[in-house]
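Sequence order for the protein chains is H and B.
Heads up, the first sequence is in my numbering, so the first residue is 516 and it goes up one at a time.
Heads up, the second sequence is in my numbering, so the first residue is 227 and it goes up one at a time.
Below is one structure, written out as structure tokens; comments come after it.
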Amino acid sequence: KNEVEQSPQNLTAQEGEFITINCSYSVGISALHWLQQHPGGGIVSLFMLSSGKKKHGRLIATINIQEKHSSLHITASHPRDSAVYICAVPSPDDKIIFGKGTRLHILP
Amino acid sequence: DTEVTQTPKHLVMGMTNKKSLKCEQHMGHRAMYWYKQKAKKPPELMFVYSYEKLSINESVPSRFSPECPNSSLLNLHLHALQPEDSALYLCASSQDPLDRVYGYTFGSGTRLTVV
């Protein structure tokens, strides 16, 4: 059983729309990663957060440690935001548990 | 320098070849990782090096042989691979394996095709 669940699995939206991707996890953690991967490409770390909210440009990430839930928001989405967004948490044995990813496609 | 650099970006090799993947970082990170990623799947951990010592080997076949010559460099030696080993191989680093604050930096990966 994957201990990190993301939703939705796939998301297609029009340029300019506000995007929300959700991540729920079952392990107790102190921090959570949001990662971005373009097709065929490497992984870029977007955020690592342990509480509250972080903002970087049009990206906003929030986390609620008590509810074991995090969200990634994209404001004013653009076709170049099309990618797979992955939620990842550190496991108790110092590995990383990855979610299955959310495939985002922004239409011009 | 805040990057993890992987070379080559693409590699095609035959099943009898020997090749190596290289990963380099100059951020002073003391933990380095190899991941394998198949299409449309999350990355799977292969190896973890902590302070230049192999600390985790996720039961990876011996045709994959990791090496950490120094704190900045991580290699993955490949020998007698199978077509099913074709994948994106990702390197990552972190300040140390217990890093819960600054997180991980990933390389852009090596796309490996075994023919």
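Just so it is clear, CB atoms sit at the ideal spot from N, CA and C, and this is done for glycine as well.
Alpha carbon of B/S285 to alpha carbon of H/E582, nearest angstrom: In the second sequence, the residue the question calls residue 285 of chain B occupies position 59. In the first sequence, the residue the question calls residue 582 of chain H occupies position 67. Those two C-alpha atoms are separated by around 34 Å.
Does any CB atom of chain H fall closer than 8 Å to the CB of B/Y315? On the second sequence, position 89 is the one that residue 315 of chain B refers to. For B/Y315, the answer is no, since every Cβ of chain H falls outside 8 Å of its Cβ.
Straight-line Cα distance separating B/Y315 from B/M258: Residue mapping note: residue 258 of chain B aligns to position 32 of the second sequence, counting from 1. Residue mapping note: residue 315 of chain B aligns to position 89 of the second sequence, counting from 1. Cα to Cα, B/M258 sits roughly 13 Å from B/Y315.
Taking only beta-carbon positions, decide if H/G556 is within less than 8 Å of chain B. Translated into positions along the first sequence, residue 556 of chain H becomes position 41. H/G556 counts as touching chain B.
Can you tell me which of the three DSSP states B/P295 falls into? Numbered from 1 along the second sequence, position 69 holds the residue referred to as residue 295 of chain B. The DSSP-derived three-state label of B/P295 is strand.
In this structure, how does DSSP classify H/P594 when only helix, strand and coil are distinguished? The sequence position of residue 594 of chain H within the first sequence is 79, counting from 1. Helix, per DSSP.
Name, please, each residue of chain B whose Cβ falls closer than 7 Å to the Cβ of H/K583. Mapped onto the first sequence, residue 583 of chain H falls at position 68. Result: empty, since nearest Cβ-Cβ is about 16 Å, beyond 7 Å.
Option in H/P594, H/H571, H/H593, H/R595 with minimal Cα separation from H/L587: As a working note, residue 587 of chain H is residue 72 in the first sequence. Nearest C-alpha to H/L587 among H/P594, H/H571, H/H593, H/R595: H/H571.
Between which two residues does the beta strand (DSSP E) holding H/N571 run? Along the first sequence, read from residue 1 onward, the residue named residue 571 of chain H stands at position 56. First, the residue type needs correcting, since residue 571 of chain H is His and not Asn in the sequence shown. Annotation for H/H571: the continuous beta strand (DSSP E) segment containing it runs 567-571.
Contacting positions in the stretch 559-575 of chain H - beta carbon closer than 8 Å to chain B: Against chain B - using a Cβ distance shorter than 8 Å - the residues of the stretch 559-575 of chain H are V559, S560, M563, S565.
H/I575 to H/I611 span [Cα, whole Å]: Locating residue 575 of chain H in the first sequence gives position 60, counting from the first residue. Locating residue 611 of chain H in the first sequence gives position 96, counting from the first residue. When the Cα atoms are used, H/I575 and H/I611 turn out to be separated by approximately 22 Å.
Chain-order list of residues whose beta-carbon lies under 6 Å from that of H/E532 (same chain, five-residue window excluded): What you label residue 532 of chain H is simply residue 17 of the first sequence in a count that begins at 1. Cβ neighbours of H/E532 beyond the five flanking positions: S592.
Mark H/Q524 as exposed unless 16 or more other C-beta atoms lie within 10 angstroms of its C-beta, in which case mark it buried. The residue you call residue 524 of chain H lines up with position 9 of the first sequence. The residue is exposed, with fewer than 16 neighbouring Cβ atoms inside 10 Å.
Along the chain, where does the beta strand (DSSP E) that runs through H/A576 open and close? As a working note, residue 576 of chain H is residue 61 in the first sequence. H/A576: member of the beta strand (DSSP E) spanning 574-579, first to last residue.
7 Å Cβ shell around H/S606 - same chain, five flanking residues per side excluded: Translated into the one-based positions of the first sequence, residue 606 of chain H becomes position 91. If you ignore the 5 residues before and after H/S606, its C-beta comes within less than 7 Å of the C-beta of V542, I612, all in its own chain and listed in chain order.
Outcome for H/Q529 when other beta-carbon atoms lying within 10 angstroms are tallied against a minimum of 16: What you label residue 529 of chain H is simply residue 14 of the first sequence in a count that begins at 1. Residue environment analysis places H/Q529 among the exposed positions, since fewer than 16 neighbouring C-beta atoms fall within 10 angstroms of its C-beta.
Does H/P605 come out as helix, strand or coil in the three-state DSSP assignment? Residue 605 of chain H sits at position 90 when you count from the first residue of the first sequence. The answer is strand: DSSP assigns H/P605 an E or B state.
What residue from H/S565, H/G616, H/I534, H/H584 has the CA that sits closest to H/I558's CA? Stepping through the first sequence from its first residue, residue 558 of chain H is reached at position 43. Between H/I558 and the set H/S565, H/G616, H/I534, H/H584, the nearest pair of CA atoms involves H/G616.
Is there a Cβ from chain B that is less than 8 Å from the Cβ of H/F533? As a working note, residue 533 of chain H is residue 18 in the first sequence. Using beta-carbon distances, H/F533 does not count as an interface residue toward chain B, since no partner is under 8 Å.
Where H/I536 meets chain B, residues with beta-carbon distance less than 7 Å: As a position in the first sequence, residue 536 of chain H is number 21, starting the count at 1. Neighbours of H/I536 in chain B, taken as residues at a C-beta separation under 7 Å, are lacking, since the least C-beta distance is about 15 Å.
CA-CA distance, H/G614 and H/E518? Counting from one through the first sequence, the residue named residue 614 of chain H turns up at place 99. Counting from one through the first sequence, the residue named residue 518 of chain H turns up at place 3. Distance between the alpha carbons of H/G614 and H/E518: 8 Å.
Close Cβ partners of H/T527 (< 7 Å) along its chain, the five nearest in sequence each way excluded: Translated into positions along the first sequence, residue 527 of chain H becomes position 12. The answer, listed in chain order, is H620, L622.
Here's a check: name, in chain order, each residue in its chain whose Cβ is nearer than 7 Å to the Cβ of B/V340, leaving out the five neighbours to either side. To locate residue 340 of chain B, count along the second sequence from 1; it is residue 114. Excluding positions up to five away in sequence, the list reads M239, M241, L307, Q308, P309, D311, S312.
Could you list which residues in chain B have their beta carbon closer than 7 Å to that of H/G616, in chain order? Against the first sequence, residue 616 of chain H aligns to sequence position 101. For a Cβ distance threshold of 7 Å, residue set P268 of chain B lies close to H/G616, ordered along the chain.
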